[in-house]
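Below is one structure, written out as structure tokens; comments come after it.
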Amino acid sequence: MANGRSSIVIVSILSVLVVLGGLAYFYNQNRVEKEEQPILPAIAEGETDPAVWGEHYPRHYESYRDATEGEPVRTKYGGNDPYNKLEEFPEMNTLFAGYGFSEEYKEERGHPYAVQDIGEIDPKRKKSGAVCLHCKSPEIPGLLEKFGDDFYTMDFYEVKDKYIEHSIACSDCHDPETMDLRITRPALRNALAKMGKDVDKANRQEMRTLVCAQCHVEYYFKGDNKVVTYPWGESEEEMKPEQVYEYYQSGDYEGNQFVDWVHPQSDTPMLKAQHPDYEFFTNSTHQAAGVACADCHMPYIKQGNVKITSHNQKSPLTSLNESCGICHRQGTDYLKQRVYHIQDNNYNLLKVAADRNVEAVIEIEKSLERPGADEDLIKEAQQYHRQAQWLWDWMSAENSMGFHNPEEGLNYVGKSIDYAHKAIRTAQEARGLLQ
Numbered sequence: 210m211a212n213g214r215s216s217i218v219i220v221s222i223l224s225v226l227v228v229l230g231g232l233a234y235f236y237n238q239n240r241v242e243k244e245e246q247p248i249l250p251a252i253a254e255g256e257t258d259p260a261v262w263g264e265h266y267p268r269h270y271e272s273y274r275d276a277t278e279g280e281p282v283r284t285k286y287g288g289n290d291p292y293n294k295l296e297e298f299p300e301m302n303t304l305f306a307g308y309g310f311s312e313e314y315k316e317e318r319g320h321p322y323a324v325q326d327i328g329e330i331d332p333k334r335k336k337s338g339a340v341c342l343h344c345k346s347p348e349i350p351g352l353l354e355k356f357g358d359d360f361y362t363m364d365f366y367e368v369k370d371k372y373i374e375h376s377i378a379c380s381d382c383h384d385p386e387t388m389d390l391r392i393t394r395p396a397l398r399n400a401l402a403k404m405g406k407d408v409d410k411a412n413r414q415e416m417r418t419l420v421c422a423q424c425h426v427e428y429y430f431k432g433d434n435k436v437v438t439y440p441w442g443e444s445e446e447e448m449k450p451e452q453v454y455e456y457y458q459s460g461d462y463e464g465n466q467f468v469d470w471v472h473p474q475s476d477t478p479m480l481k482a483q484h485p486d487y488e489f490f491t492n493s494t495h496q497a498a499g500v501a502c503a504d505c506h507m508p509y510i511k512q513g514n515v516k517i518t519s520h521n522q523k524s525p526l527t528s529l530n531e532s533c534g535i536c537h538r539q540g541t542d543y544l545k546q547r548v549y550h551i552q553d554n555n556y557n558l559l560k561v562a563a564d565r566n567v568e569a570v571i572e573i574e575k576s577l578e579r580p581g582a583d584e585d586l587i588k589e590a591q592q593y594h595r596q597a598q599w600l601w602d603w604m605s606a607e608n609s610m611g612f613h614n615p616e617e618g619l620n621y622v623g624k625s626i627d628y629a630h631k632a633i634r635t636a637q638e639a640r641g642l643l644q
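Everything in the sequence shown is counted per my numbering, starting at 210 for the first residue and increasing by one.
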């Protein structure tokens with residue numbers, strides 16, 4: 210009996226020693242691990258180098274750098290392969306004649322390439338000055354604070370070579386102390402204030418779209434200082450292409466119809482859409498369901514046992530499971546075909562609209578060359594052409610080939626075709642072909 214008790218005591222003591230030994234081992238391992246991880250200094254306000262932020266958030270930084278790894282990926286209507294859009298849409302050579310986009314128009318690459326790519330484009334695309342760098346670099350907010358509105362008209366090359374070090378990066382969207390999303394471009398803040406919206410009261414999910422709306426929008430350069438301005442009204446309805454067109458027509462900005470350039474063939478005062486992704490997405494099915502830009506273009510991903518937001522902003526077609534499969538369970542093949550169905554419909558109608566707009570240019574040019582043609586009818590045809598190409602370009606410049614808001618997109622392209630037909634008919638009437 211005594212031997213039995215002794216055995217129990219010995220086993221108990223050994224068990225305790227094993228447990229204590231294990232605890233000591235893990236304690237020492239954790240202590241060594243902590244000693245091997247130096248305490249990093251806080252990220253300073255104004256720090257624009259993404260590598261510095263990456264020391265604190267290596268997984269996020271690695272995903273950001275993924276955009277620079279491997280071969281570019283071209284989806285059916287986009288991706289990050291910088292293909293020549295003038296070859297895809299040869300009609301653009303006529304539609305943008307006399308403007309920089311007829312010289313060079315490529316598909317954009319990822320955020321890490323923004324500064325490099327704008328530095329390499331045709332010089333005709335950069336003649337507006339430093340304003341062209343507005344959305345390309347995290348140094349811009351600091352330059353706006355330093356130079357004020359004078360920044361916009363500074364020499365492009367001087368600013369790029371002297372002040373620009375990094376492409377679009379962490380500080381463009383994040384507060385360095387809290388990591389909260391923030392707005393760093395005053396143009397968006399001003400446009401939302403005009404609608405009575407205080408961006409500082411937006412919730413996190415709203416901010417996951419608004420940080421993108423700092424740049425993925427329609428804008429123009431206002432006044433002699435060329436201040437970046439969004440041509441929005443006082444409600445979300447007044448950021449749609451027909452309302453924006455009326456804004457440009459009304460002279461609210463400087464007293465005259467706004468003109469990006471005059472078409473050399475039709476002599477039409479033209480407008481050039483930028484990339485109105487946010488406006489087009491607004492009031493869409495996905496936005497109404499509470500989906501944000503980041504949900505699809507920066508989906509949650511797992512690295513080991515850690516879940517992070519991917520910072521490799523890209524087409525959701527390259528990450529269907531992560532971007533779409535969270536809500537749509539039909540499988541990636543179905544989802545891809547569904548996306549292509551929407552995009553194909555938009556693309557096919559967009560090609561028709563482009564052809565009709567080219568025809569409008571040709572017919573107006575013929576009327577301008579015809580002695581005795583009705584000048585008032587020519588001016589009317591030019592206004593139809595201006596509106597037709599504006600609606601076509603809104604959908605052409607928008608980056609989803611109609612997917613962000615399919616029904617609305619087809620409506621705009623259909624109206625473009627209608628206005629183009631009116632331009633054609635009116636131009637023909639001007640030279641007496643129609644009675």
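Using N, Cα and C, we set each Cβ at its ideal position, and we do this for glycine too. Remember, it's a predicted structure, so these values are computed and weren't measured experimentally.
Helix, strand or coil at residue 362 [DSSP, three-state]: Within the sequence shown, the letter at position 153 stands for residue 362. Three-state result, residue 362: helix.
Cα-Cα separation, residue 268 to residue 383: Translated into positions along the sequence shown, residue 268 becomes position 59. Translated into positions along the sequence shown, residue 383 becomes position 174. The straight-line gap from Cα to Cα measures roughly 16 Å.
Where do the N-terminal and C-terminal ends of the beta strand (DSSP E) with residue 511 fall, by residue? If you number the sequence shown from 1, residue 511 lands on position 302. Where residue 511 is concerned, the enclosing beta strand (DSSP E) stretches over 509 to 512.
Using only alpha-carbon positions, find the residue among 264, 344, 370, 371 that is nearest to residue 392. For the purposes of this step, residue 392 is taken as the residue at position 183 of the sequence shown. Comparing Cα positions, the closest option is 344.
Sort 583, 626, 592, 587 by Cα distance to residue 604 and report the nearest one. Taking the sequence shown and counting its residues from 1, one reaches residue 604 at position 395. The shortest C-alpha to C-alpha distance from residue 604 to any of 583, 626, 592, 587 is the one to 626.
Rounded straight-line distance, which links the Cα of residue 304 to that of residue 634: Against the sequence shown, residue 634 aligns to sequence position 425. Against the sequence shown, residue 304 aligns to sequence position 95. In a straight line, the C-alpha of residue 634 is about 18 Å away from that of residue 304.
Between the Cα of residue 649 and the Cα atoms of 428, 592, 491, which residue gives the shortest distance? Absent from the model: residue 649. The displayed extent of the chain is 210 to 644, so no value can be given.
Neighbour-count burial assignment, residue 642, 16 or more Cβ in a 10 Å radius: The residue labelled residue 642 in the question sits at position 433 within the sequence shown. Answer is exposed; the Cβ neighbour count stays below 16.
Confirm, please, whether the CB-CB distance from residue 498 to residue 438 is below 8 Å. Mapped onto the sequence shown, residue 438 falls at position 229. Mapped onto the sequence shown, residue 498 falls at position 289. The beta carbons of residue 438 and residue 498 sit no closer together than 8 Å.
Would a C-beta distance cut-off of 8 Å place residue 259 and residue 424 closer than the cut-off? Here residue 259 corresponds to residue number 50 of the sequence shown, with the count starting at 1. Here residue 424 corresponds to residue number 215 of the sequence shown, with the count starting at 1. No, they are not a contact pair.
Residue from 271, 278, 275, 298 whose Cα sits closest to the Cα of residue 558: Within the sequence shown, numbered from 1, the residue matching residue 558 stands at position 349. It is 298.
Just the C-alpha distance for residue 522 and residue 432, rounded to the nearest angstrom, thanks. One-based indexing of the sequence shown puts residue 522 at position 313. One-based indexing of the sequence shown puts residue 432 at position 223. If you take the alpha carbons of residue 522 and residue 432, they lie about 33 Å apart.
Alpha-carbon spacing of residue 620 relative to residue 340, whole angstroms: By 1-based counting over the sequence shown, the position of residue 620 is 411. By 1-based counting over the sequence shown, the position of residue 340 is 131. Cα-Cα distance, rounded: 32 Å.
Could you have a look at residue 286 and say whether DSSP puts it in helix, strand or coil? Stepping through the sequence shown from its first residue, residue 286 is reached at position 77. Looking at residue 286 - three-state DSSP - the assignment turns out to be coil, as it is neither helix nor strand.
C-beta atoms of residue 477 and residue 594 nearer than 8 Å: For the purposes of this step, residue 477 is taken as the residue at position 268 of the sequence shown. For the purposes of this step, residue 594 is taken as the residue at position 385 of the sequence shown. With contacts defined by Cβ atoms closer than 8 Å, residue 477 and residue 594 form a contacting pair.
Using 10 angstroms around the beta-carbon of residue 327, count the other beta-carbons present and answer buried if the total reaches 16, otherwise exposed. Locating residue 327 in the sequence shown gives position 118, counting from the first residue. Around the beta carbon of residue 327, 16 or more other beta carbons sit within 10 angstroms, so the residue counts as buried.
Once the 5 residues before and after residue 430 are set aside, which same chain residues still bring their CB inside 8 Å of it? As a first step, residue 430 must be located in the sequence shown, where it is residue number 221. Excluding residues within five positions, the ones whose Cβ falls inside 8 Å are 337, 340, 361, 436, 437, 438.
Rounded to the nearest angstrom, how far is the Cβ of residue 482 from that of residue 447, given a contact under 8 Å? Within the sequence shown, residue 482 is the residue found at index 273, counting from 1. Within the sequence shown, residue 447 is the residue found at index 238, counting from 1. About 16 Å separates the beta carbons of residue 482 and residue 447, which is beyond the 8 Å limit, so they are not a contact pair.
Return the Cβ separation of residue 610 and residue 546 in integer angstroms, given the expectation that the two are a contact with Cβ distance under 8 Å. Residue numbering aside, residue 610 sits at position 401 when the sequence shown is read from its first letter. Residue numbering aside, residue 546 sits at position 337 when the sequence shown is read from its first letter. Here residue 610 is actually not in contact with residue 546; their C-beta atoms are around 15 Å apart, not less than 8 Å.
Could you check whether the segment 566 to 585 touches the segment 530 to 549, counting it as contact only if at least three pairs of C-beta atoms, one from each stretch, sit closer than 8 Å? Touching, no.
Short of 7 Å in beta carbon distance, which residues of its chain neighbour residue 653, apart from the five on each side in sequence? Order them along the chain. Residue coverage of the chain in this structure runs from 210 to 644, which leaves residue 653 outside it and unanswerable.
Beta carbon of residue 599 nearer than 8 Å to that of residue 456: Here the question's residue 599 lines up with position 390 in the sequence shown. Here the question's residue 456 lines up with position 247 in the sequence shown. Going by C-beta atoms, residue 599 is not nearer than 8 Å to residue 456.
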